[in-house]
Every structure is written in C-alpha cells, then in structure tokens.
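What follows is a short report on a single structure.
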Amino acid sequence: MESILNQAQPRISVVIPLYNKQAYVERAVASVLQSGYPAHDVIVVDDGSTDDGPQRVAAMGNARVRLIRQSNGGVAAARNRGISEASGDYVAFLDADDYWAPEYLPAIADLIARFPECGMYATHFYYFRDDGFRRVPPLWGIKATSRPQRIERFFEIWGHGIFFCTCSVAVPVRILRDFAISFPEGEQHGEDMDVWFRIAERWPIAYLGQPLVGYRLGVPGSLMSSHPGDFPPAYERLAARYRANAIPRHHRKGVARTLSVARLLSARRLLLDSERRRALKLLYDPSCLRAPRFWLRLFLAAHMPASVRGHFIPAC
19 MESILNQAQP
29 RISVVIPLYN
39 KQAYVERAVA
49 SVLQSGYPAH
59 DVIVVDDGST
69 DDGPQRVAAM
79 GNARVRLIRQ
89 SNGGVAAARN
99 RGISEASGDY
109 VAFLDADDYW
119 APEYLPAIAD
129 LIARFPECGM
139 YATHFYYFRD
149 DGFRRVPPLW
159 GIKATSRPQR
169 IERFFEIWGH
179 GIFFCTCSVA
189 VPVRILRDFA
199 ISFPEGEQHG
209 EDMDVWFRIA
219 ERWPIAYLGQ
229 PLVGYRLGVP
239 GSLMSSHPGD
249 FPPAYERLAA
259 RYRANAIPRH
269 HRKGVARTLS
279 VARLLSARRL
289 LLDSERRRAL
299 KLLYDPSCLR
309 APRFWLRLFL
319 AAHMPASVRG
329 HFIPAC
C-alpha cells in the first residue's frame, strides 16, 4: 500500500472497554503498543471487572496507557466514557479479547490522510478462535485489495454482509461530539450499529479491504456468543427513520435491504432456538422479501418438522 502519511499525522486515541477479560486484555493492549503507527493514547475503561484484568493492564507500566475505573454499566457506557476521555482527533475501538495486526493503525492513519472528508475509517477483519479456526467474511461490492476505497453507498453493501466490525473502525471525535452521536446504553446487542448507521447516513466511508483485525469467537459474554432473536433496537431506529423519510434518497434502497436481512437474521436465530412462532411473525413481514432467496430458504425451514429443521436452516 503506497502511503501518504508524510502529508498528515493524525492523532488517534484508542478506547478499550474491559470487563472480566483477564486472559486476553494484555494481548489486546500489546497489539496497540506494537503497532507500526503510534497511538496518541490508549484508554482502557474497566467497567467493574471482578477478575485481575485491570491489575494486569496496570502492571504493563506503559505511560501511553490510561486505566479508568467505573462501576459496571455495560460496553456502551464504557466506550462512551472512553470517548469523553480521548484527547486525540480520532478514536478507534478495540475490545479486550480482540487484537490488531501491526499494520492496522498505519492503514487507518493512511485512510485518514487520503480521505479527510470521510466520517469513518475501517478495514476488513477475520473471525478466530483459540483452536486455530480463522475465517475471513466474504466481501460483496468491495474489492479485497490493498487499494484504499471511498464508499458512498454504505447500506447497499451492508445489506449483503458486514465488511467491518467495531474493532476495525475509527471515527473523528469531532463528529461524535458535534452531532451528539454516542453508543446507546442499556441495550443488549447491536448498540454499535446505531453509531455506524447514523454516521453512514451523513458521510462517506474510507475503507481498506484487507483483514487487519482479529475478532475472537467463543468467549462467554461476547457479542458473537449470544445473539438474541429480537430485532435489535438500532435497526428499529433505522426503520423508524426510513418510515419517516429521514434517510437520504441515495441510501433508501440499501437501507430497505439492510432492514430486510436484519429481520431474516433475527428469524434465523429464533428458529435455531426453537422459537418457531416468533420466527414466523418476522418471516410474514413483507419487507423481508427484499432478500427473496434468503427468505424462501428460511420460510421452508420453518415449515419442516422440528426433528429435522436444523438441517435446513441456511448459514449466514
């Protein structure tokens, strides 16, 4: 990747929410400190941990790492606290059980220098487990390349599959503060999507299609280990803005598909949890037909006998 970092040196703060991740947090922090581009500061927000995670962070003894303690309020509250404490011009997020490749922060800084007008800067990522499993989610409508890209139609891509995660994105602090955008507190899942949706409705996204972030699977309490079947509140709010014609015209088609796929994913999780009636309620929503193939496979699976239904539920 040809860099233009000599033209700009953005100050990037890193926010790491921490709650009972003593086995992983040192690796997460180390991945930031060992980056090929220096973080302006690293803010670890201990959200009421009951294990030795905070002590392990403190024992690392690095002057760039600030450990802030608060009573347990959830990951959104921890991220919001980190944003309020950030002294950089941009803030990047990393969960305590995930990690960055050394090339991640240099890539983000390069995207910022190339596309200063954008509202988010992100790279691709991969899922991993401690047993050696690793999978890079397929990309739709984006090239998996080392060439930086400017994305105008975020929702058209998002409606076919996620192309970044919370730990692979950075945002201008000015946007979060000036437009009062924060992570909704007290919600069980999808609170990060609310932030990304609100930004994507207003600004283009700068993106690099290389997987430079590891997203850990199989950790109790993590987002990927517990997906409730209810429609996430962030998507409910997006749907409300769509119905109120508050979504910019060039995003409306993509938002419609994004909402359709989100409902279908919720229905899929309900079927996996043997909540057939709740799944069918979602599947009978006409908006789900914007992803017809996925809808049909789920609809057929829902009408299979319970003893074999699991074999017919499509993968994500």
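So the sequence shown is numbered by our numbering: it starts at 19 and just counts up by one.
All residues carry an ideal CB built from backbone N, CA and C; glycine is no exception.
C-beta contact flag for residue i and residue j at 7 Å
{"i": "Tyr117", "j": "Gly232", "result": "yes"}
{"i": "Ala188", "j": "Tyr122", "result": "no"}
{"i": "Ala140", "j": "Phe182", "result": "yes"}
{"i": "Ile34", "j": "His58", "result": "no"}
{"i": "Leu289", "j": "Ala297", "result": "yes"}
{"i": "Gln52", "j": "Pro156", "result": "no"}
{"i": "Leu256", "j": "Phe215", "result": "yes"}
{"i": "Met211", "j": "Ala258", "result": "no"}
{"i": "Gly66", "j": "Asn90", "result": "yes"}
{"i": "Ser305", "j": "Ser278", "result": "yes"}
{"i": "Val213", "j": "Ala104", "result": "no"}
{"i": "Ala319", "j": "Phe312", "result": "no"}
{"i": "Pro28", "j": "Ala127", "result": "yes"}
{"i": "Phe173", "j": "His321", "result": "no"}
Residue i: first and last residue of the uninterrupted alpha helix (DSSP H) it sits in
{"i": "Ile193", "result": "Val191 to Asp196"}
{"i": "Ala320", "result": "Pro310 to Ala320"}
{"i": "Met211", "result": "Glu209 to Ala218"}
{"i": "Leu277", "result": "Arg267 to Leu290"}
{"i": "Tyr253", "result": "Pro251 to Arg261"}
{"i": "Ala48", "result": "Val43 to Leu51"}
{"i": "Val93", "result": "Val93 to Glu103"}
Per DSSP, cross-strand counterpart(s) of residue i
{"i": "Tyr117", "result": "Gly232"}
{"i": "Asp59", "result": "Ser31"}
{"i": "Arg168", "result": "Ala224"}
{"i": "Arg84", "result": "Ile61"}
{"i": "Met138", "result": "Ile223"}
{"i": "Tyr145", "result": "Arg153 and Tyr233"}
{"i": "Ala110", "result": "Val32 and Ala188"}
8 Å contact criterion, which residue i and residue j should meet: CB distance rounded
{"i": "Ala309", "j": "Arg287", "result": "Not confirmed; about 15 Å, so no contact."}
{"i": "Glu203", "j": "Ala94", "result": "5 Å"}
{"i": "His142", "j": "Ala162", "result": "7 Å"}
{"i": "Arg99", "j": "Val43", "result": "The pair is not a contact, with the Cβ atoms about 16 Å apart (cut-off 8 Å)."}
Identity of the residue in the options nearest residue i by Cα
{"i": "Trp176", "options": "Ala262, Ala119 and Ala280", "result": "Ala280"}
{"i": "Leu226", "options": "Ala285, Glu205, Arg234 and Gly159", "result": "Gly159"}
{"i": "Asp148", "options": "Leu230, Ala41 and Glu103", "result": "Ala41"}
{"i": "Phe111", "options": "Ala319, Thr184 and Pro332", "result": "Thr184"}
{"i": "Leu230", "options": "Pro222, Lys299 and Phe146", "result": "Phe146"}
{"i": "Ile61", "options": "Asp69, Gln73, Leu36 and Arg45", "result": "Leu36"}
{"i": "Ile169", "options": "Ile265, Ala198, Leu318 and Ala218", "result": "Ala218"}
{"i": "Thr68", "options": "Ser49, Val43 and Lys39", "result": "Lys39"}
{"i": "Phe133", "options": "Leu316, Arg327 and Ile223", "result": "Ile223"}
{"i": "Ile193", "options": "Ile180, Met138 and Arg270", "result": "Met138"}
Run of the beta strand (DSSP E) containing residue i, from where it starts to where it stops
{"i": "Ala131", "result": "First-last for Ala131: Tyr122 to Arg132, but that is the alpha helix (DSSP H), not the beta strand (DSSP E)."}
{"i": "Ala76", "result": "Run containing Ala76: none in the beta strand (DSSP E); it sits in the alpha helix (DSSP H), Gly71 to Ala77."}
{"i": "Ala333", "result": "Looking at the DSSP string, Ala333 is not in any beta strand (DSSP E), and its letter there is neither H nor E."}
Proximity test, Cβ basis, 7 Å: residue i and chain B
{"i": "Ala188", "result": "Absence of chain B from the displayed structure is noted, only one protein chain being present."}
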